[in-house]
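Protein sequences, first through last, are from chains A and B. For the first sequence, the working numbering assigns the number 123 to the initial residue and increments by one for each residue that follows. For the second sequence, the working numbering assigns the number 211 to the initial residue and increments by one for each residue that follows. No residue lacks a Cβ here, since even glycine has one placed at the ideal position from N, Cα and C. First the structure, in the form of structure tokens, and then the observations on it.
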Amino acid sequence: MNHVMEADSIQLELNGRKILSDIHLKCETGKITGLLGRNGAGKSCLMKIIYGDLKCEKSIRFDSMPQYEAYKRPDLILFLPQFNFIPEFLSLKRIFKDFELDFSHFSKRFPEFINRDKSSVGSLSNGGCRLIELYVILKSKSHFAILDEPFTHFSPIQIENVKELLIEEKANKGLLITDHMFMHITDICDSLYILTNGKIHLTKSIEEIETFGYARLKDS
Amino acid sequence: MRILKTIRLIWTFYRSFFLLSLLLTTCSLILFWEYGLGIFAELFWLKIVTLVITFHFINSNKNKEYYYYQNLGLSKGLIWATSFIFDFVLFIFLIILIYKLR
């Protein structure tokens with residue numbers, strides 16, 4: 123069954139400065155939705171608003187049903203923040219148990235983790251830690267996942283593996299992704315939004331990235 | 211199974227300040243053993259104040275970890291409320307136990 127998540131009527135002001143005002147964002151299962159914007163444009167704020175972690179005037183709907191505190195419904199949506207969020211002392215075995223996932227499937231796909239199930243997540247490299255976090259969010263049962271900078275800390279080879287994983291997993295959920303490595307986002311996304319001056323624009327062509335002043339395509 | 215998982219997750223969170231709390235409770239019990247009911251009010255408020263300080267400390271230093279629990283269906287309110295209630299009930303229970311033993 124196809125599921126739809128919509129966000130609109132969002133008004134966010136921080137310290138008297140209007141951050142978000144004209145938002146309409148739609149995310150569907152089976153699709154990857156990209157979100158780009160300069161630093162401070164409000165991407166992370168928008169993601170936290172959708173997740174329900176940042177309170178403001180808003181309308182967030184899952185299959186037309188309003189949901190103001192989506193974080194209380196991990197069956198609906200999961201969130202990968204831009205920082206490491208797993209307690210450092212937890213072992214990989216314990217993390218996979220908590221998320222009800224099979225570690226052997228993971229280590230089969232990423233052989234560098236074979237026999238590391240007893241290691242704590244804090245003992246891993248930044249890339250290793252990020253991979254664990256991304257994997258558990260992507261593979262857990264949920265209609266949607268919000269991924270804030272999922273490519274951070276990864277080497278180019280790992281990024282290719284992660285992109286494969288994202289494409290594979292979009293069959294099971296809708297993904298909303300933001301990252302400054304925008305070429306990787308444009309490679310895999312089905313629809314792309316640009317956030318600028320508090321307003322969101324659904325792009326019709328890749329050239330609009332340059333039109334909206336986010337990046338110079340010829341240099342990338 | 212769901213309840214066991216919830217308890218396991220709350221215990222994981224509570225572990226982050228359990229030892230500090232246990233140390234304070236032990237000190238309180240020793241003082242209560244020495245001075246009896248006369249010092250109960252002071253110990254009670256000391257416990258409340260340290261719980262508030264713990265909340266502020268964890269909230270500013272470990273707030274990123276809330277996403278772990280939220281992604282597993284446990285809100286900040288639930289993990290804090292359960293941890294505090296358990297911690298406080300344990301404190302009161304041990305105080306009553308010491309009172310009976312004295």
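Whole-number beta carbon distance between residue j and residue i, since they are thought to touch under 8 Å
i      : j      : result
B:T236 : B:L284 : Not confirmed; about 29 Å, so no contact.
B:S293 : B:F223 : 6 Å
A:I331 : A:F304 : 7 Å
A:D270 : A:L314 : Between A:L314 and A:D270 the Cβ distance is about 16 Å, and since that is not below 8 Å, they are no contact.
A:I154 : A:K292 : 5 Å
B:I220 : B:I289 : 6 Å
Residue i versus residue j: straight-line alpha-carbon distance, rounded
i      : j      : result
A:I322 : B:F228 : 45 Å
A:R252 : A:L147 : 27 Å
A:E329 : B:T260 : 57 Å
A:N124 : A:H265 : 9 Å
B:G287 : A:T333 : 44 Å
A:S181 : A:S213 : 38 Å
A:Y336 : A:L158 : 8 Å
A:G263 : B:Q280 : Note on identity: in this sequence residue 263 of chain A is Lys, with Gly being the wrong assignment. The straight-line gap from Cα to Cα measures roughly 14 Å.
A:F232 : B:Y276 : 27 Å
Which residues DSSP lists as bridging residue i, in chain order
i      : result
A:R139 : A:L136
A:K321 : A:D144, A:T318
A:G156 : A:I299, A:L314
A:S264 : For A:S264, which the question treats as bridged, DSSP gives no partner whatsoever.
First through last residue of the alpha helix (DSSP H) which encompasses residue i
i      : result
A:S166 : 165 to 173
A:K180 : No alpha helix (DSSP H) holds A:K180; the beta strand (DSSP E) holding it covers 179 to 184.
A:D309 : 304 to 310
B:F265 : 250 to 271
B:G332 : Because residue 332 of chain B is not part of the residues shown, which for chain B are 211 to 312, the question remains open.
A:K230 : 225 to 231
Residue i, buried or exposed, once every other Cβ within 10 Å from all chains shown has been counted against 16
i      : result
A:N161 : exposed
A:M187 : exposed
A:H306 : buried
B:D297 : buried
A:F218 : buried
Opening and closing residue of the beta strand (DSSP E) in which residue i lies
i      : result
A:L202 : 199 to 202
A:K250 : The displayed chain sequence assigns Gly, not Lys, to residue 250 of chain A. Careful: A:G250 lies outside any beta strand (DSSP E), inside the alpha helix (DSSP H) at 248 to 261.
Proximal chain E residues relative to residue i, where beta-carbon distance stays under 7 Å
i      : result
A:Y315 : Chain labels in this structure do not include chain E; the protein chains are A and B.
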